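Numbering (our numbering), first residue to last: 596 to 1087.
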């Protein structure tokens, strides 16, 4: 029998397994697919490595917040981060206006003030608001001794768009402040300020790419789990989660095997996990709430294999919008936006070998194929993807003129691809939407009513690599103690 069995080998599942196994617990991870990593998987096409979810990440500088969490999981020193250009880590384009955006809180604020000199006070207010919001979360601030790790619930019911609109009437500045919303699938009528603040403030501090990609991170954690005596089982799909006397007794796998443990952690999307649990394991009202939760929008991605030496590596990202209305998602005038970046991997030199372009895509666009699986969807689906890819590539020429002539080949993914490979409901890019209008409804506690069952992953509190890492620590605190883990995080 294991001390802890963890369902799913996404980032959160692997982080929990690593941390608990490092502390001497006997741990088993069960993964239904052959590949580990979940939303941070990487893949190779025509010799070029591409990422699915880890496009770039934040605050990996010495002493910065994600750096501290990655040190806790022994990732720093086992991966190769590359900081993006200090003077322009992002270029945000609103219609015919482009704004290079630097790293560093002071540099960011001063650069925005140079673009909008009449909005200096608004920019100062915005930055102070982000700082105050982030510092209200002890597991983000990580400063000094702390005995209260609870969340300030007053922050949950403030909307990001309303906050931005309140501090300035300048539509271009409003668009610029929200111009990286693809990093958290921001929506004007739903996204809370705390979500916007925790993610944007971290990326403004510093932005990075990882040479090994998302799969490199997953492999470091998996190897560490094995070194600590744990097990990572691939092709091990959970069929049933059996409950007896108010506790999870064991997992039944599709192949007939049983996995027994004292405690269990699910890193699956809660909508995918709930149907696996025996009737009576959860109250009907809880099941109904989870199954009714709304998920974030999905993405359509084009992975481009570039002709040799046709495009220099760009150490920054393009965020493009047709207008300064950056919150809009319109199926009838698709695409409205994109995030584009050149690949950084072991083969990168002066020139890039790959390029990724990502745009929002509603699940309704692909719902007609929902009962099919990858590689089995038919010719009409392939035609659909090609038409979308050509439109997105044509729009991307606003950032890279002549792009189509630099392409050797390209591959695509839709929300259905995400659904099939990651288990994300309806191909959602970021899982459960956090809605400022009903904040407690969409926040899921790590501890369940089954005393030996816990949740982890991006669906609990905050999206992204940092949000998942914080959530993993929250889940592990039920086993190891919050003060113990917090002291490790703040240790120099």
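C-beta atoms are modelled at their ideal positions from N, C-alpha and C, and glycine is treated no differently.
Predicted model only: the values in this text are computed from it and were never measured.
{"Check": "Where residue 830 sits in the DSSP three-state scheme", "Outcome": "coil"}
{"Check": "Among 1036, 662, 992 and 826, nearest to residue 751 - alpha-carbon criterion", "Outcome": "1036"}
{"Check": "Bounding residues of the beta strand (DSSP E) (the contiguous stretch that carries residue 956)", "Outcome": "949-956"}
{"Check": "Rounded Cβ spacing between residue 754 and residue 787 (contact assumed at less than 8 Å)", "Outcome": "6 Å"}
{"Check": "Residue 637 burial status per 10 Å Cβ neighbour count (16 or more: buried)", "Outcome": "buried"}
{"Check": "Beta-bridge partners of residue 623, as assigned by DSSP", "Outcome": "600 and 826"}
{"Check": "Short Cβ contact (8 Å threshold) for residue 639 with residue 622", "Outcome": "no"}
{"Check": "Validate contact between the region 678-692 and the region 903-921 using beta carbons, cut 8 Å, 3 pairs", "Outcome": "yes"}
{"Check": "Opening and closing residue of the beta strand (DSSP E) in which residue 688 lies", "Outcome": "685-689"}
{"Check": "Residue 757, enclosing alpha helix (DSSP H) - first and last residue", "Outcome": "755-762"}
{"Check": "Those residues which DSSP pairs with residue 900 across a bridge", "Outcome": "949 and 1004"}
{"Check": "Per DSSP, the bridge partner or partners of residue 694", "Outcome": "687"}
{"Check": "Where residue 764 falls, given that 16 or more other Cβ within 10 Å makes a residue buried", "Outcome": "exposed"}
{"Check": "Own chain residues within Cβ distance below 8 Å of residue 875, not counting five before or after", "Outcome": "838"}
{"Check": "Sequence-distant residues of the same chain with beta carbon closer than 6 Å to residue 1008, five excluded per side", "Outcome": "896"}
{"Check": "Residue burial classification, residue 944 (beta-carbon count within 10 angstroms, cutoff 16)", "Outcome": "exposed"}
{"Check": "Inter-residue CB distance, residue 803 and residue 677 (contact presumed, cutoff 8 Å)", "Outcome": "6 Å"}
{"Check": "Residue range of the alpha helix (DSSP H) that includes residue 700", "Outcome": "700-710"}
{"Check": "Rounded Cβ spacing between residue 649 and residue 631 (contact assumed at less than 8 Å)", "Outcome": "Between residue 631 and residue 649 the Cβ distance is about 14 Å, and since that is not below 8 Å, they are no contact."}
{"Check": "In DSSP terms, what residue 637 is bridged to", "Outcome": "646"}
{"Check": "DSSP-derived helix/strand/coil call for residue 721", "Outcome": "helix"}
{"Check": "Residue ranges of each alpha helix (DSSP H) within the region 832-902, 4 or longer", "Outcome": "865-868 and 879-887"}
{"Check": "Simplified DSSP state of residue 1023, which is helix, strand or coil", "Outcome": "coil"}
{"Check": "C-beta contact flag for residue 988 and residue 949 at 8 Å", "Outcome": "no"}
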